[in-house]
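Q: So in this note's numbering, spot 2 of the sequence shown is number 2, and the numbers just go up one at a time. We put the CB at the ideal spot given by N, CA and C, even for glycine. Predicted model only: the values in this text are computed from it and were never measured.
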Amino acid sequence: VGGGQQYNLQQDTDRACGITDPGSDNTIILTGGYGPINTVAIYGYNGFIGALPSLEIARRFHGCGVEVQLDPVINLDLILLGTN
């Protein structure tokens, strides 16, 4: 890949799922991956930002999304569906 910013990922993302973070226009949340693995990580323009709590069930070949609740406080719920 040429022309853009590049960095190494902290985990194997083969068969993982990515969710655009609804609270930011420059971050993505990556869940699961080949193994399967149970990691959840946030990446931004400059690379790895941090880890979120691990998935209770490791996932691969899964779909993912996010539900945002704004009242009374902002609350994000990750929704994961699919195989382990």
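Going by DSSP, what residues sit across from Gly18 in a beta bridge?
A: As a working mapping, residue 18 is identified with position 18 in the sequence shown. In DSSP, Gly18 forms a bridge with Leu30.
Q: CA-CA distance, Leu30 and Asn8?
A: Position 30 of the sequence shown holds residue 30. Position 8 of the sequence shown holds residue 8. If I take the Cα positions, the gap works out to 14 Å.
Q: Use the C-beta contact count for Ile37: other C-beta atoms within 10 angstroms, 16 or more gives buried, fewer gives exposed.
A: In the sequence shown, residue 37 corresponds to position 37, counting from 1. Burial check for Ile37: the Cβ neighbour count within 10 Å reaches 16 or more, so the residue is buried.
Q: So which of Tyr45, Gln5, Ala16 has the shortest CA-CA distance to Asn85?
A: Past the boundaries of the shown model lies residue 85; the chain is included only from 1 to 84, so the question cannot be answered.
Q: Cβ atoms of Gly35 and His62: under 8 Å apart, would you say?
A: Here residue 62 refers to the residue found at position 62 when the sequence shown is read from its first residue. Here residue 35 refers to the residue found at position 35 when the sequence shown is read from its first residue. Contact: no.
Q: Per DSSP, Arg60 forms a beta bridge with which residues?
A: Residue mapping note: residue 60 aligns to position 60 of the sequence shown, counting from 1. DSSP lists no partner for Arg60.
Q: On a Cα-Cα basis, can you pick out the residue from Gln11, Gln5, Gln6, Gly4 that is closest to Thr39?
A: Taking the first residue of the sequence shown as 1, we reach residue 39 at position 39. If we check each option's Cα against that of Thr39, Gln11 comes out closest.
Q: From what residue to what residue does the beta strand (DSSP E) around Gly44 run?
A: What you label residue 44 is simply residue 44 of the sequence shown in a count that begins at 1. 40-44 is the extent of the beta strand (DSSP E) around Gly44.
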